[in-house]
Structures are given as C-alpha cells and as structure tokens.
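From first to last, the protein sequence lines are chains A and B. For the first sequence, our numbering assigns the number 362 to the initial residue and increments by one for each residue that follows. For the second sequence, our numbering assigns the number 362 to the initial residue and increments by one for each residue that follows. Ideal Cβ positions, reconstructed from N, Cα and C, are used throughout, including at glycine. In what follows, a single structure is set out as structure tokens and then discussed.
There are 2 protein chains.
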Amino acid sequence: MQTAQSVLVHFPCANDCSGSVSRPEPTSTDVAQLAGVSQSAVSRAFTEGASISEAKRARVIEAAEQLGYRPNLIARSLITRRTGIIGLAVGDLSNPFYSQLIYKLSEKLQQRNFHLLLFTVPDRANSDDLLEDVINYRLDALVLTSTEVSSHLGARLQERGIPVVLINRTTEDTASSSVASDNEFGASEVARFLVKQGHRRLAYVAGIQNTSTNIERERGFLRALASVAGVTVQHISGDYDVHKSLSVARELFDGENAGPEAIFCANDMMALSLMDALRYNLNLRVPEDVSVVGYDNIEPAAFSAYQLTTYSQPIDEMVDAAVELIVERVSSPGSAPRQIRLRGELVVRASVGVRHPSSADTSAHPSSAASA
Amino acid sequence: MQTAQSVLVHFPCANDCSGSVSRPEPTSTDVAQLAGVSQSAVSRAFTEGASISEAKRARVIEAAEQLGYRPNLIARSLITRRTGIIGLAVGDLSNPFYSQLIYKLSEKLQQRNFHLLLFTVPDRANSDDLLEDVINYRLDALVLTSTEVSSHLGARLQERGIPVVLINRTTEDTASSSVASDNEFGASEVARFLVKQGHRRLAYVAGIQNTSTNIERERGFLRALASVAGVTVQHISGDYDVHKSLSVARELFDGENAGPEAIFCANDMMALSLMDALRYNLNLRVPEDVSVVGYDNIEPAAFSAYQLTTYSQPIDEMVDAAVELIVERVSSPGSAPRQIRLRGELVVRASVGVRHPSSADTSAHPSSAASA
DNA sequence: TTGTATGCGTTATCAC
DNA sequence: GTGATAACGCATACAA
C-alpha cells in the first residue's frame, strides 16, 4: 500500500517541465514482470470469466495495484472491435425533455458499462461531419434524439453495421430501431379531453413541420376532432420555437374572428411560453379565458405558475426500452431492428377550464387588448 | 462513383443472418493495395502536413473513397496517445444552467476536433467508478461540473498526467484548472442592489453547504451587508433543491417574526420555485410583498411569469475560457494549470421592488396567510 | 518523397 | 491453467 503511494508520488518532475513529461504508463507487461507471470496472465486476470487460478489472479491484482495499472480500453477495443462507446446526437438541450432524457439514458447505460459520446447537432447543420466521426471512432451504436438529422445518415451507418437507435423520433426506414411515445394516440386523448370539457373552437400550434413528432401529434389531434360536430380547429405553426409564442398568440387573437377556447401545443415548451404571452402580453386569463395543453410533461409544466395540462411521455420506460434495443443490437449484430411505441397518460392540471357550450360562445372571449 | 456504391451495397447478407455478420472494414492496407502504394503512404495521405506528393495523395484518397475507408481513430490514438475524447462529469441536468453549459462546451470543442464523453454522477455517488473509467479510456482530459465529486479524484488524475478542468467550481488544489464566475463579487452586487432599493430585512437561501459556489456567494452577500447599519439577514439552507422551496418559504414566514423583505437565493432554480411557493402557497405578492433575487440568469428567469432579477454568469466566456484551458493543457502537457474568474452582471427584472424605509417596516408585511 | 520495419497495449489462438 | 506468438489498424524512425 505504502509502496503504491510512493511509486505514484515520485514520478519525475512534479512541476512545469514543459515539453516532454515522461510519466510512466504501466502496461500489462510491466505488471507481468513484477508479478513474475506472463503478460497473458495479466490479461486474463482482468478478463471476466477467463481461465486463471485464484492464486495467480491475486498476485497479478496486487502487482497491478502497486504500479497503478489499469487495462487500456482503447487497445482492448482494437481487438474486441467493441469500444463500449455510443454516440449521442442531441439538438436543443434547452428543452428539459431532452436534458432529462440524456441524463437518464447515460445513467442506465453506465450501469451496463456503456458510455455516451456527445454530438451536438446545430439546427440545419450538415450531418456529414457527424457521420464521419461516428465511423472514425468505430462507435458501437448511434442514438439520435435530434430532430434535425437527415435520414440518409441512418442508412449509411446501417451499411457499415453500426446500429442506429432513434428516440422520440421515427422514420419509415425499418433499418433503424426506434423508441417513441404513441404521439397520435396521445394527441387524440388531448382532443377528446378538450371536447369533453366543452371546448369547441380549438387551435393547434404545430412544431417543426417535417418532424415525426409533429406529424403524428397533429394527425392524432385533427383526426380525433374530425368526427365531432361543431368543432373548429385553427392551425398555426410554432416550429418548436419558444420565441415565436408572442406572434403565435397575436395571430390567434387578431381580433378578426373569435379566438380559440383551447389551444393544444405540440410540446410543453411552446405551451409554457404561449401561456406567458397570453397572460402577460394579451392580458388573457388561463384557463378562464383560454385553455392551454402541451405534450411531454416536462418538470416546469408542474410549476405552480403554469400548472400545465399535458400528455406525458413515459420517459423512464422509453429509456429502458432504448437501452434494451442498444444492448441487444450491439451484443448480437445479427438481431433485427425494432420499433417500439409506448403510451403515456393525460396529466390534468389547472391550465384547462370547463366550458358550458350553451353560454360560452359569447362570454368566453373578452376584449383581447394587446400590449407591449 | 458507381463502383463505390456497388461496393457498399453488395456486402454479404443484407438481412438478418444472425451471429456472424462478416462485413469488411477496409483498412489502410486495403487502400494501399488498391492504390498501388505502401500502407504508410495511406497513413500520410490522411495525416495533416505529412510529407507526400499531391499526385499520390489524390490516388490514395480516390482508392479510399472507393472502398469507403476511414482512418480508425482508436488505432491511431494508440500511437499518438491522444484520443480526442474528453470526459465530462455532470450532476443535475434539470438545472438549465448546466444543460446550456454542456451544449455550448460540446459545440466549441467539436470545432477543435474534441468530443465529450458523458459521465453522470449521481449525488453522493462514489466517484471511484468515474476515476476508473477516465483512466481506462485514456481520456485526454476531464471536465468537472458536478458539485458532488470528491477533490481527491482530481489529485489522482493529476498524478497520471490527465488534466482536470473545473467549471463553475473551484478548489484549493492548484493542480486543477478552473473557470468560474466571481461569485463573491456577484453576490455582493446583489446585496448592494437590494440595500439601494431600500430593503433592510434580508434572507439568504443557501445552496449545498460545502460547494464552492455556495460558500463564495454566501460570503459575498454577507460581507457586503455586514457594514450596512440596520440590516438583518436570515440564513436558511435550500441545498439547491427546488423541492425544498415550500418548506423554506414557510420557515421564512413562520409568523413569529416579520418575514424578510427581500430574499437572495444561491441559484435561479431555487429562486423560481421559491417564487411559486411564495405566490401560490403563501399568497404573497412578488415583488410587492417580498422581493426575490437569484444567481445564474438561466433562460426561465426571463419568463414573464417570473421576471426574476438575477446575477448572470457569463456562460459564453466561461465556455471559451474552458476550451482554451483544455486545449492548452492537452496540447502541451507541461503547461501549468490556471484558475480563471469571470464577472457577470446584475440583470434587473421585476422580481425586486422598491421599499421606502420610512414607512415600509409596517406596511410591507401583510397578513401572511398560509394555504395548502 | 517513398517504402520497410517496428511498436502502440491488448486479446485470441494455439500448443503445452 | 499457462505461456509464447500472432493479430488488431495505424503512425513513425529509418534507410533509400
């Protein structure tokens, strides 16, 4: 023990000898020499379930600790052809849904000895750089959460045998695994709930047009409403951009026609900022004057200032499923990709009010005085 | 071109041949063979500033594209002893300050061909696992943003020549580089501002006790107030935990003595949730009944529902500085660690009101009726 | 400039 | 169970 410490402390030139710091990285050969065994024995001592006697393993471990030896995973991966590193492409981290997702994903993967290599993909970025890096590092798999990654990237990686797992995103390409919530069903639940609460003039604030999340939520919402008599739906694009909420709010209540009684936003972030715009810029009350619903159930949705009604994504189950998909495809390269859908649930909070259709149409829409 | 495609498409067994998928990973030797050059020539063709003729390089590049060859960075790092991978230990990602920080850090590092390997460090976790992994992967450096990492970890890595960079965190250990805002100065600015606005009964909601951020902010706040006559400061611990805000609020306004006129929270997340508790549980108005100030200037602080006055962290400058520190220490191992302090600025919003000391003491504190 | 030979640190394949 | 030896894919010192 003491020996180990002194070995570690007494490395040459403790201060700033610029240029060449010759610190000794102990290798398995060094350990073998000290323990008086072969280098292969050292390797086996650090390999789970390898064929080695307990006595010898103990000797090796002790020598290793003395030298501060740790097996070099990089060198190991060169021959095992598995790095234990999984790429993660993320877009907007200002949405807590994604930051929570990657935190939990990383946590669960670490438990299974995998780690995430982060790739930030700016909106509209050329994803070719990402492709290159993923290949160059020989990553075990790539997880895509970004909405802005071209789908041909997935195809290219598939060709090279690198599994691709999509989270909160789907694609027609069946070569990629995916985990997503049942957006269409969730949105239809929102629609039914709003109708049941007596709302008739509805609005949908869309996310980025060509994303699977937006397409599915929009479809679920509109289809569920199509069969209900007397319901109108205003469609407006929000692009998952919280900074567009004010203009969205103004467009919804532009004074020409009566504003909506209830608004469904394609995600919570837009819903929260829309609530702010409605309340503090248009001087409308939520839910008395207008109801608001989101999707995701991010933490801020539960804040007292918002009390946002929303459809939750089962984030823990989604992460668990993703981990299974990853491990499955990495450990058995022949396994086929799978697409998984999980259902969340409607979380009813105070941002949705009740309408009485008989009297609501006139009293519901007060003077929508705009302000700065 | 067409040849390249057909090569890529025609790899054996396109479907699920379980078990052994024998896909051909082209190596530099393969490329060399096709291009009719030596393997080292291929290596040189992909090495910036290597000594090779343009003609030969062109031949190599073309052959490489035909085969879909990409240099294996893992194998390369075995020789260069640099992986281009930097460890990032993160704690609580539900705080947007950190999610924003790591996004920008990743972005900037990618521009310089570095990537971040994510390590989630659960609160109070044993950081030994982290230590092991960082060493095992031979990471170029480790960035610590988590508040919960023991400082002996830094020392251990330092011993092995792995640079450690702390962000939003400091330590006595001068072996680690660090970037942090001038917490003490910032907090003193908050104190001076509150006094100037006429507040006299103040309160400090502390973060986790032994963290450098909390220690410094607390010290700055209290020292600046120590010299001001007639000022009282109530101290209460919040542990950077948003779920404790309700009990914090109740303790501050427990009815025995007059509640504070202004509250400084050690970070924005606590300030926001405290505002909620004050408004919706204690039925107090902010800022009319009580003022609230935070620290960080996270995005939600600007939301209309909160309009939180706060002291900003210069996050872009902090990231830039961190990148410099990292690159500097990685590229020249002899360079000495540096500690950097950056100043933010007070961001005044509506969560702080003005008191008139002459009449404030009685009228300022209405019936603090508690509720559910 | 170019090719040959060697080594990076490890696991895998053999014989024993 | 154990030890030699050959890969893994690449960069580099050296000779040409």
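Among the residues facing chain A, Asp602/B is not included, as its CB has no counterpart in that chain under 8 Å away. Residue range 670–673 is occupied by the beta strand (DSSP E) that includes Thr670/A. Residues of chain B with a Cβ closer than 8 Å to the Cβ of Glu468/A are, in chain order, Thr481, Pro483.
Excluding the 5 residues flanking it on each side, Ala393/B has same chain C-beta neighbours closer than 7 Å at Ser399, Gln400, Ala402, Val403, in chain order. Look at the segment 389–460 of chain B and you find these whole runs of beta strand (DSSP E), each 3 residues long or longer: 446–451. Secondary structure within the segment 564–627 of chain B: the alpha helix (DSSP H) runs of 4 or more consecutive residues, fully enclosed, are 573–587, 606–613 (chain order).
For His560/B, no beta strand (DSSP E) encloses it, and the DSSP letter there is neither H nor E. For Ala516/B, the enclosing alpha helix (DSSP H) starts and ends at 512–520.
Excluding sequence positions up to five before and after Arg473/A, its CB lies within less than 8 Å of the CB of Val684, Val688, all in the same chain and listed in chain order. For Asn575/A, same chain residues with a beta-carbon under 7 Å away, outside a window of 5 residues either side, are Ala567, Gly568, Ile569, Ala627 in chain order. Around Ser488/A, the same chain offers Val482, Val510, Ser511, Leu514 as residues with beta carbons nearer than 7 Å, after the five sequence neighbours per side are excluded. Taking all protein chains in view, the Cβ of Val715/B is surrounded by fewer than 16 other Cβ atoms within 10 Å, so the residue is classified as exposed. Residues of chain B with a Cβ closer than 9 Å to the Cβ of Phe614/A do not exist; the shortest Cβ-Cβ separation is about 16 Å. Under a criterion of Cβ atoms nearer than 8 Å, the residues of chain B adjacent to Glu493/A are, in order, Arg431. Taking all protein chains in view, the Cβ of His717/A is surrounded by fewer than 16 other Cβ atoms within 10 Å, so the residue is classified as exposed. When C-beta atoms of the segment 460–475 of chain B are compared with those of the segment 671–684 of chain B, three or more pairs fall below 8 Å, so the two segments count as touching. Just so you know, the alpha carbons of Thr531/B and Ala663/A end up roughly 33 Å apart.
With contacts defined as CB atoms closer than 8 Å, Gly655/A and Asp681/A fail to qualify as a contacting pair. Close to Ser455/B, with beta-carbon spacing below 9 Å, are these residues of chain A in chain order: Pro457, Ser460, Gln461, Tyr464, Glu660.
For Leu703/B, no alpha helix (DSSP H) segment is defined; the enclosing uninterrupted segment is the beta strand (DSSP E) at 700–703. The C-beta of Lys605/A has 16 or more other C-beta atoms within 10 Å across all chains shown, which makes the residue buried. With contacts defined by Cβ atoms closer than 8 Å, Ala411/B and Arg405/B form a contacting pair. Within the model, the alpha-carbon separation for Leu669/A versus Val653/A is close to 7 Å. Interface annotation, Asn618/A: not in contact with chain B, CB-CB separation never under 8 Å. DSSP places Ala697/A outside any alpha helix (DSSP H), giving it a letter other than H or E. Taking C-alpha positions only, Leu563/B is separated from Arg611/B by approximately 15 Å. Within the segment 561–587 of chain A, no residue places its CB atom closer than 8 Å to a CB of chain B. Three or more Cβ pairs closer than 8 Å define a contact, and the segment 420–431 of chain A falls short of that threshold against the segment 416–432 of chain B. Sorting Thr535/B, Gln700/B, Asn529/B, Arg553/B by C-alpha distance to the C-alpha of Gln519/B places Thr535/B at the top. Per the C-alpha coordinates, the member of Ser712/B, Ile422/B, Arg704/B positioned closest to Glu550/B is Arg704/B.
Contact with chain A is absent for Tyr672/B, since none of that chain's Cβ atoms lies less than 8 Å from the residue's Cβ. By the beta-carbon neighbour count (other beta carbons within 10 angstroms, threshold 16), Arg584/B is exposed. When beta bridges are read from the DSSP output, Gly655/A appears opposite Thr671/A. Around Thr444/A, the beta-carbon contacts reaching into chain B at under 8 Å are Ile435. Interface with chain B (8 Å Cβ-Cβ cutoff): Asp637/A is included. In this structure, the beta-carbon distance from Gly581/B to Ala632/B does not fall below 8 Å.
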